[in-house]
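Participant: Under the working numbering, the residues of the sequence shown are numbered 37 to 313, in order.
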Amino acid sequence: MLTRPVLLVLSIALLLVACRPTPSDPIEYLHREDSIIIQMLTVDADASEIERRLPVPEFTLYGDGTLIYQSVSEDGTRLLETRLPADAVRELLEGIVDEGFLDFIYEQPAPEGASGPTTFIYAHTRDLANAVSVRGADEPLPEDAGEEFDQYRTVQAFVATLRSLDPVALGASQPADFLPASLVLQVMHIGEPPRQGAPPLPPAADIDFAQILPEGSGPVQHGVDGDLAASLWSQFRFQGDNVGTLIGPLQQGSQTYLIAFVPLLPFYENFPEFNLQ
């Protein structure tokens, strides 16, 4: 006859087995506006200090379905915003989890000769999270690359999927230009305006660079919010090759400046910490 303590242990064990998730159970995630569910960003080796400290992700999906992503076309790079339905968020997560991404090693081995930028991907379910970095994700692997690159191949497929994603096809709202509430500028003084007869430089309106950059000082980082952020964003967002790139020169008064221009995405303080060095 089984004793009472043994029966209690067996009952608990059976309860745990019954509650254990099965492969058919749907992936769960935090349905919160400040929760980062999937994020991808790419950083070039020659990126500026501010681009490394405050990189603008290519793809950021939040728990409430908000998606902010970079869209590249012949006209340049745009930062767009839309909202995915919960089923689409879960489908994206399932595609990542089913391939074993949550168990991948962080720093994937780089193929010999890989020279491209480093791409970082992060995924977060209710129970687990993982981040992975790959060098040269856009470059094809050598034909003789072995099974040690199986995870690398899978990450390459994820990168391609996220970059080619059509949110509307997944039931999202029509994407619109993202309007940041805050910007960070890195201002650099480069001296006198061009000599007489040179093409005029675009003016830098709405902000006094001389006031935030003392004469003779090195680069200064300066945050702007609200209406001023919106005004600067509307003036300069399409002047660089990439979101957050270095733009200029800009003339103000008798001086000339370069600025690095970075929009801050919502809840950036919750972003995963990638090793961007």
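Quick reminder that beta carbons are idealized off the backbone N, C-alpha and C, glycines included.
(1) In whole angstroms, give me the CA-to-CA distance for R88 and D80.
(2) What are the start and end residues of the alpha helix (DSSP H) that includes I132?
(3) Where DSSP assigns a beta bridge to D261, which residues make up the other side?
(4) Please list, in chain order, all residues of the same chain as L97 whose beta carbon is under 8 angstroms from its beta carbon, the five residues on each side excluded.
(5) How many angstroms separate the CA atom of S209 from the CA atom of L115?
(6) In the DSSP assignment, what residue or residues form a beta bridge with E117?
(7) The alpha helix (DSSP H) spanning Q291 covers which residue range?
(8) Give the secondary structure of R40 by DSSP, where H, G and I count as helix, E and B as strand, and everything else as coil.
(9) Here's a check: name, in chain order, each residue in its chain whose Cβ is nearer than 7 angstroms to the Cβ of L249, leaving out the five neighbours to either side.
(10) Looking only at its chain, what residues have a beta carbon closer than 6 angstroms to the beta carbon of T140, apart from the 5 residues adjacent to it on each side?
(11) Which partner residues of L77 appear in the DSSP bridge assignment?
(12) Is DSSP giving N311 helix, strand or coil here?
(13) Measuring CB to CB, does H67 end up less than 9 angstroms from G112?
(14) Taking contact to mean 3 or more Cβ pairs, one atom from each stretch, closer than 8 angstroms, check whether the stretch 172 to 182 and the stretch 142 to 152 are in contact.
(15) Quick one: measure Cβ to Cβ for D174 and G152, integer angstroms, because I've assumed they're closer than 8 angstroms.
(16) Mark A159 as exposed unless 16 or more other C-beta atoms lie within 10 angstroms of its C-beta, in which case mark it buried.
(17) Note the first and the last residue of the continuous beta strand (DSSP E) segment covering R171.
(18) Looking only at C-alpha atoms, which of W269, N166, G289 and L90 sits nearest to Q247?
(19) I'd like to check one pair, Y293 with L90: are the Cβ atoms closer than 9 angstroms?
Facilitator: With the given structure in hand:
(1) Working through the sequence shown from its first residue, we reach residue 88 at position 52. Working through the sequence shown from its first residue, we reach residue 80 at position 44. Across the structure, R88 and D80 are spaced so that their CA atoms are roughly 9 angstroms apart.
(2) Your numbering for residue 132 matches position 96 in the sequence shown. Where I132 is concerned, the enclosing alpha helix (DSSP H) stretches over A122 to D134.
(3) Residue mapping note: residue 261 aligns to position 225 of the sequence shown, counting from 1. D261 pairs with S218.
(4) As a working note, residue 97 is residue 61 in the sequence shown. Answer for L97: I72, I73, I74, Q75, L103, L120, V125 and L128, listed in chain order.
(5) As a first step, residue 209 is located in the sequence shown; it is residue number 173 there, counting from the start. As a first step, residue 115 is located in the sequence shown; it is residue number 79 there, counting from the start. Between the C-alpha atoms of S209 and L115 there is a straight-line separation of about 15 angstroms.
(6) Here residue 117 is taken as the residue at index 81 of the sequence shown, counted from 1. Answer by DSSP bridge pairing, in chain order: I104 and A212.
(7) Position 255 of the sequence shown, counting from 1, holds the residue named residue 291. Careful: Q291 lies outside any alpha helix (DSSP H), inside the beta strand (DSSP E) at Q291 to L300.
(8) Counting from 1 along the sequence shown, the entry for residue 40 is found at position 4. Interpretation of R40 is limited by its pLDDT of 48, a score under 50 that renders its predicted location unreliable; the figure taken from the coordinates is listed afterwards. If DSSP states are grouped into helix, strand and coil, R40 belongs with the helices.
(9) Working through the sequence shown from its first residue, we reach residue 249 at position 213. Same-chain partners within the cutoff: V223, H225 and V256.
(10) In the sequence shown, the residue the question calls residue 140 occupies position 104. Here residue 140 is Phe; the residue named in the question, Thr, does not match the sequence. If you ignore the 5 residues before and after F140, its C-beta comes within less than 6 angstroms of the C-beta of V168 and Q187, all in its own chain and listed in chain order.
(11) The residue labelled residue 77 in the question sits at position 41 within the sequence shown. Beta-bridge partners assigned by DSSP to L77: F156.
(12) Start at 1 with the first residue of the sequence shown, and residue 311 comes out as number 275. N311: coil per DSSP, three-state reduction.
(13) Taking the first residue of the sequence shown as position 1, residue 67 is located at position 31. Taking the first residue of the sequence shown as position 1, residue 112 is located at position 76. Not in contact: H67 and G112 (Cβ atoms no closer than 9 angstroms).
(14) Output reads yes: the stretch 142 to 152 touches the stretch 172 to 182.
(15) Mapped onto the sequence shown, residue 174 falls at position 138. Mapped onto the sequence shown, residue 152 falls at position 116. Confirmed, about 6 angstroms.
(16) In the sequence shown, residue 159 corresponds to position 123, counting from 1. A159 should be labelled buried.
(17) On the sequence shown, position 135 is the one that residue 171 refers to. R171 -> beta strand (DSSP E) spans A165 to R171.
(18) Residue 247 sits at position 211 when you count from the first residue of the sequence shown. It is G289.
(19) As a first step, residue 90 is located in the sequence shown; it is residue number 54 there, counting from the start. As a first step, residue 293 is located in the sequence shown; it is residue number 257 there, counting from the start. Taking 9 angstroms as the Cβ cut-off, L90 and Y293 do not qualify as a contacting pair.
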